[in-house]
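J.: The opening position of the sequence shown corresponds to residue 1 in UniProt numbering, with each subsequent residue numbered one higher.
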Amino acid sequence: MADDSFGAYDDFWLFGYGSLIWKPPPHYDQRVPGYIEGYVRRFWQASEDHRGTPEAPGRVVTLIDRAHWETLVDEHPSPHLTWGAAYHIPQQHVAEVRNYLDIREINGYSIQYTPFHPSHSAADPSPPKPIKCLVYIGLPSNPQFLGPQDPQELAAHILKSRGPSGENREYLFMLEEALLGLSPESGDGHVSDLVARSREIEAEEKVKKGVHGENGDAKDADGRRADIGGAELHKVGSTEEQEEVEK
Ligand code: BEZ
């Protein structure tokens, strides 16, 4: 079935707003930067399986329905658009990819569908048609949903957390870098504020420990300036190359 106002229904598109932005699903044949509306991205989901453990859960992003978010007290304002990347999965791989992605639901995510708006290309400034996309949402009713978090405590928590997929700080830093790479408007104030707070905390800790560069800048263990961060964007394109997916 096709619906001109909302893309083709038998086509499978998936919207990534977290790690999917830099760790694509297997078998995708198109990746399109763009945004969805009506949601707010927040580091308010506990992660027991990827960036934390059941004993010490880390923090990953979820999307909150904007109408619900407006009833909450949040120090961070929110832009009206949530930027991310949409992936098209060819028909013959849909069942495999759906199965692979459904693993993600285990840690509290549910499926919703929403219109995705591809970003305008410079060559064609007319607004592209919205695409119907599947998106994973950590509903407020799920046990991993934490609700509003104090940003300073949240940054400190992210810095001390790690899980089977690696350090929680790496997830935060890579998310910011991946978002900034999507478009000139795709930065997210909530994410960038947490990155800034994390770098400040790390720099203070280095000063306390007495780790300094020649010009007095605090440096990390590899000798990089602590305010630069070491995250690198990498692309993983097949199930074989990729360990179990994370949020
Ligand atoms: C993502 O966009 O990366 C994502 C978020 C929640 C669950 C699965 C994937």
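Each residue gets a CB set at the ideal place from its N, CA and C atoms; glycine is no exception. Predicted, not measured: the structure shown is a model, and the values here were computed from it.
(1) At a threshold of 7 Å, does Ser113 count as lining the ligand BEZ (C-beta to nearest heavy atom)?
(2) Assuming Pro33 and Ala46 form a contact by the criterion Cβ under 8 Å, report the distance between their Cβ atoms to the nearest whole angstrom.
(3) Given this structure, state the Cα-to-Cα distance separating Asp150 from Leu172, to the nearest angstrom.
(4) Just the C-alpha distance for Trp69 and Val40, rounded to the nearest angstrom, thanks.
(5) Can you list, in chain order, the residues of its chain whose CB lies under 6 Å from that of Ser78, leaving out five sequence neighbours each side?
(6) Are His190 and Arg42 touching if we call contact CB-CB under 8 Å?
(7) Should Ser19 be counted as a contact of the ligand BEZ given a C-beta to heavy atom distance under 7 Å?
(8) Measuring straight from C-alpha to C-alpha, what distance separates His50 and Phe116?
(9) Going by the beta-carbon positions, is the gap between Ile89 and Phe12 smaller than 8 Å?
(10) Scan the segment 44-124 and note each continuous alpha helix (DSSP H) run of 4 residues or more that stays entirely inside, going in chain order.
(11) Does the separation of the CB atoms of Leu179 and Leu154 fall below 8 Å?
(12) Tell me which residues share the same chain as Gly16 and place their Cβ nearer than 7 Å to its Cβ, disregarding the 5 neighbours each side in the sequence.
(13) Our contact map puts Pro143 next to Leu72 with C-beta atoms below 8 Å; I'd like the distance itself, whole angstroms only.
(14) If you count every other CB in all the chains shown that lies within 10 Å of the CB of Tyr35, and 16 or more means buried, which is it?
(15) Any idea what DSSP makes of Pro151, helix, strand or coil?
(16) So if DSSP puts Trp13 in a beta bridge, which residue, or which two residues, is it bridged to?
(17) Look at Thr114 and Val135 and say whether their C-beta atoms are less than 8 Å apart.
(18) Return the bridge partner residues of Ile137 from the DSSP annotation.
T.: If we stick to the structure as given:
(1) Numbered from 1 along the sequence shown, position 113 holds the residue referred to as residue 113. Per the sequence presented here, residue 113 reads as Tyr, with Ser not at that position. No; taking the cut-off as 7 Å, the Cβ of Tyr113 has no heavy atom of the ligand BEZ nearer than that.
(2) Here residue 33 refers to the residue found at position 33 when the sequence shown is read from its first residue. Here residue 46 refers to the residue found at position 46 when the sequence shown is read from its first residue. Not a contact, Cβ separation roughly 28 Å.
(3) For this step, residue 150 is matched to residue 150 along the sequence shown. For this step, residue 172 is matched to residue 172 along the sequence shown. Distance between Asp150 and Leu172, taken at the CA atoms: about 16 Å.
(4) Walking along the sequence shown from the start, residue 69 turns up at place 69. Walking along the sequence shown from the start, residue 40 turns up at place 40. Near 7 Å, if we compare the C-alpha coordinates of Val40 and Trp69.
(5) In the sequence shown, residue 78 corresponds to position 78, counting from 1. Taken in chain order, the residues that qualify are Val40.
(6) Taking the sequence shown and counting its residues from 1, one reaches residue 190 at position 190. Taking the sequence shown and counting its residues from 1, one reaches residue 42 at position 42. Cβ distance < 8 Å, so His190 and Arg42 count as in contact.
(7) Here residue 19 is taken as the residue at index 19 of the sequence shown, counted from 1. Ser19: yes, Cβ under 7 Å from the ligand BEZ.
(8) Locating residue 50 in the sequence shown gives position 50, counting from the first residue. Locating residue 116 in the sequence shown gives position 116, counting from the first residue. Straight through space, the alpha carbons of Phe116 and His50 are spaced by roughly 27 Å.
(9) As a position in the sequence shown, residue 89 is number 89, starting the count at 1. As a position in the sequence shown, residue 12 is number 12, starting the count at 1. In this structure, Phe12 lies closer than 8 Å to Ile89 by Cβ.
(10) When DSSP assignments are scanned along the segment 44-124, the uninterrupted stretches of alpha helix (DSSP H) that are 4 or more residues long and fall wholly within it turn out to be 66-69 and 94-102.
(11) As a first step, residue 179 is located in the sequence shown; it is residue number 179 there, counting from the start. As a first step, residue 154 is located in the sequence shown; it is residue number 154 there, counting from the start. One thing to note: Leu179 has its Cβ no nearer than 8 Å to the Cβ of Leu154.
(12) Counted from its first residue, the sequence shown places residue 16 at position 16. Excluding positions up to five away in sequence, the list reads Gly84, Ala85 and Tyr87.
(13) If you number the sequence shown from 1, residue 143 lands on position 143. If you number the sequence shown from 1, residue 72 lands on position 72. Beta-carbon to beta-carbon, Pro143 and Leu72 are separated by about 18 Å, too far to satisfy the 8 Å threshold.
(14) Here residue 35 refers to the residue found at position 35 when the sequence shown is read from its first residue. Counting of Cβ neighbours within 10 angstroms places Tyr35 among the buried residues, the total reaching 16 or more.
(15) The sequence position of residue 151 within the sequence shown is 151, counting from 1. Here Pro151 carries a helix assignment [DSSP, helix/strand/coil].
(16) Within the sequence shown, residue 13 is the residue found at index 13, counting from 1. According to DSSP, Trp13 bridges with His88.
(17) Counted from its first residue, the sequence shown places residue 114 at position 114. Counted from its first residue, the sequence shown places residue 135 at position 135. Result yes, Cβ atoms of Thr114 and Val135 sit closer than 8 Å.
(18) Sequence index remark: in the sequence shown, residue 137 carries index 137 (1-based). Note: Ile137 sits in a beta bridge opposite Ser110.
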